[in-house]
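Q: In mature numbering (1 follows the signal peptide of the UniProt record, and there is no 0), the protein residues as written are -30 to -1, 1 to 433. Glycine is no exception: its CB is placed at the ideal position from the N, C-alpha and C atoms. Fair warning: this is a prediction, and the values are worked out from it, not measured in the lab.
(1) Measure the beta-carbon distance from residue 214 to residue 158 and round it to whole angstroms, keeping in mind my assumption that it falls under 8 angstroms.
(2) Note down the Cα distance separating residue 281 from residue 237, rounded to an integer number of angstroms.
(3) For residue 243, count neighbouring Cβ atoms within 10 angstroms of its own Cβ and tell me buried if that reaches 16, exposed if not.
(4) Taking the continuous beta strand (DSSP E) assigned at residue 133, which residues delimit it?
(5) With H, G and I counted as helix, E and B as strand and the rest as coil, what does DSSP make of residue 240?
(6) Rank 196, 346, 345, 255 by C-alpha distance to the C-alpha of residue 160 and give the top, closest one.
(7) Quick one: residues in its chain with C-beta nearer than 7 angstroms to the C-beta of residue 239, no 5 flanking neighbours on either side, listed in chain order?
(8) Can you tell me whether DSSP reads residue 167 as helix, strand or coil?
(9) What number of angstroms, rounded off, separates the C-alpha of residue 340 from the C-alpha of residue 347?
(10) Thinking just about the alpha-carbon of each residue, which of 309, 56, 22, 353 is nearest to the one in residue 265?
(11) Report the option in 65, 316, 355 whose CA atom is closest to the CA atom of residue 33.
(12) Between which two residues does the alpha helix (DSSP H) harbouring residue 153 extend?
(13) Could you pull out every residue in the same chain whose Cβ sits closer than 8 angstroms to the Cβ of residue 315, ignoring the five residues on either side in sequence?
(14) Output the distance between the C-alpha atoms of residue 245 and residue 288, rounded to the nearest integer angstrom.
(15) Any idea what DSSP makes of residue 276, helix, strand or coil?
(16) Taking the beta strand (DSSP E) that residue 410 belongs to, which residues open and close that run?
(17) Which same chain residues end up closer than 7 angstroms to residue 26 when comparing Cβ atoms and leaving out the 5 residues on each side of it in sequence?
(18) Taking the alpha carbon of residue 120 as the reference point, which residue from 138, 345, 344, 151 has its own alpha carbon closest?
(19) Considering just the uninterrupted stretch of the beta strand (DSSP E) at residue 368, what are its terminal residues?
(20) So what's residue 33 in DSSP terms, helix, strand or just coil?
(21) State the CB to CB distance for the pair residue 290 and residue 208, rounded to an integer number of angstroms; the pair is presumed to be in contact (CB under 8 angstroms).
(22) Answer with buried or exposed for residue 133, where buried requires no fewer than 16 other C-beta atoms within 10 angstroms of its C-beta.
(23) Only counting the same chain, and skipping five residues up and downstream in sequence, which positions put a Cβ closer than 8 angstroms to that of residue 58?
(24) Please report how far the alpha carbon of residue 222 lies from the alpha carbon of residue 420, in whole angstroms.
(25) What residue does the alpha helix (DSSP H) around residue 51 start on, and which one ends it?
(26) Can you check whether the CB of residue 380 is closer than 8 angstroms to the CB of residue 337?
(27) DSSP beta-bridge partners for residue 284?
(28) With distances taken between CB atoms, is the gap from residue 211 to residue 274 smaller than 8 angstroms?
(29) Provide the residue span of the beta strand (DSSP E) that contains residue 269, from first to last.
(30) Could you check the C-alpha separation between residue 404 and residue 377 for me, to the nearest Å?
(31) Within the continuous beta strand (DSSP E) that includes residue 358, where are the two ends?
(32) Please determine whether the Cβ atom of residue 399 lies at a distance below 7 angstroms from any heavy atom of the ligand COA.
(33) Within a Cβ cutoff of 7 angstroms, which residues of the same chain sit near residue 407, ignoring the five residues on either side of it in sequence?
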């Protein structure tokens, strides 16, 4: 093994060696600048997924990999990366194709298998064959919601590398949150948002896991999770008693109800429009638009055995009254299929003036007295038409201004800033869809009017 490594190493040109040295010395900084730089790897040809020749997914193709220098610590990092425990044995063996070169010192320096440590190296015909101890025997729990009213609501925490940490709000939406709810057997995702954590000093900044919402899927999780420091964490709310399956969105599908830790189909004969109003609201969706049997598939056992009798105002389906009669099956094609309107996105409010541009922030924005400014409201395209209502509130005044939505936006100009216009602004978007009135409000934008012109825009009360 030693002679093989020496022969290959001597075959490298000086430029490649220089590149490897630069990678080894700068790997940590490179990783900080590129959070999605972890690689996807596998072991092939062994007795299990935790044994065999190391391969790396590189530019869309699986490539054999050779690690040099290699030692048990490097192999341990690779095994851990694959969720395969620790290294049992490692050997180099010859292959009939070119390989990727992985800098062992780089891997150890980053304590992870990282794309910055990989270099295409066409002249080596050696790969690393690793046998790991196998997936560690530990609790299968790796995600949880804490601090909420139930196990299906709260701050999202992940258990990674045997360490529980909250998750930073980075590119998460309801689609990503739905994967969490599904894993927890908590029905559908109702909402996902950001919560601020209090910080008493710079030394008490909370440690979190940063992971993009579009990466939260099975084995991909460990390839893009990384340590971070942030005061913003994710708060997820799931519906722990109802869910919609096989639909085209989070707000459509075949209805199931959970009772005694079991999900049951619902018969169309036991469900009406008022029941649907409650389900759609419970799931954080708009009002029901379609209610039809077998729209999203046939009944699957078990079957909910009582008729719902909602008034339409209840907060949850299981809070509704139900009939005393019971059934054991539904007729074919009679499973409740429900489509709710998608909830409106939150409008965006932006202020522009000669002093600068501001989106809604906690700190607010300051404009010069006498200068013109414009408050712009916009929303992502979902439904045509609608209108924007700009609401202004101060300590002693409340005003409303209305403009039709044109290309999903509206502008509210103010020709000269006066102290009376100092206060909080918000945009409310309203639209009628299928005889229903939908509404959504933006964050507040706090505006301060200065006594004299400023040389440039600045945050009011900024930190």
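A: Considering the structure as presented:
(1) Correct: roughly 6 angstroms between the Cβ atoms.
(2) Spanning the two alpha carbons is a distance of roughly 18 angstroms.
(3) Classification for residue 243: exposed.
(4) For residue 133, the enclosing beta strand (DSSP E) starts and ends at 133 to 136.
(5) DSSP places residue 240 in helix when its eight states are reduced to three.
(6) Considering only alpha carbons, the answer is 255.
(7) If we look at residue 239 and ignore the five residues flanking it on each side, its Cβ neighbours are 304.
(8) Correct three-state label for residue 167: coil.
(9) Looking at the two C-alpha atoms, the distance is approximately 22 angstroms.
(10) Across the set 309, 56, 22, 353, the C-alpha of 309 shows the shortest separation from the C-alpha of residue 265.
(11) A check of alpha carbon separations from residue 33 across 65, 316, 355 identifies 65 as the nearest.
(12) Residue 153 -> alpha helix (DSSP H) spans 144 to 153.
(13) Cβ within range, chain order: 349, 350, 352, 410.
(14) When rounded, the distance between both Cα atoms is 10 angstroms.
(15) Note: residue 276 maps to coil in three-state DSSP.
(16) Unbroken beta strand (DSSP E) run through residue 410: 406 to 411.
(17) Cβ neighbours of residue 26 beyond the five flanking positions: 9, 11, 33, 35, 70, 88.
(18) Taking only the C-alpha atoms, the option nearest residue 120 is 151.
(19) Element bounds for residue 368: 368 to 374.
(20) Residue state for residue 33 is assigned as strand, using DSSP reduced to three classes.
(21) With 8 angstroms as the limit, residue 290 and residue 208 do not qualify as a contact, their Cβ atoms being about 20 angstroms apart.
(22) Result: exposed.
(23) Cβ neighbours of residue 58 within its own chain (closer than 8 angstroms, five residues either side excluded): 101, 102, 103.
(24) Looking at the two C-alpha atoms, the distance is approximately 50 angstroms.
(25) It spans 42 to 51 - the alpha helix (DSSP H) in which residue 51 sits, taken as one unbroken run.
(26) Contact flag unset, no.
(27) DSSP, once it has assigned bridges, lists no residue as partnering residue 284.
(28) Result no, Cβ atoms of residue 211 and residue 274 do not sit closer than 8 angstroms.
(29) Per DSSP, residue 269 belongs to no beta strand (DSSP E) and is neither H nor E.
(30) In a straight line, the C-alpha of residue 404 is about 20 angstroms away from that of residue 377.
(31) Under the DSSP assignment, residue 358 falls in the beta strand (DSSP E) whose first and last residues are 357 to 363.
(32) By its list of ligands, the structure shown contains no ligand whatsoever, and the ligand COA lies outside what it can speak to.
(33) Apart from sequence neighbours up to five positions away, the residues of its chain that approach residue 407 with a beta-carbon distance below 7 angstroms are 400, ordered along the chain.
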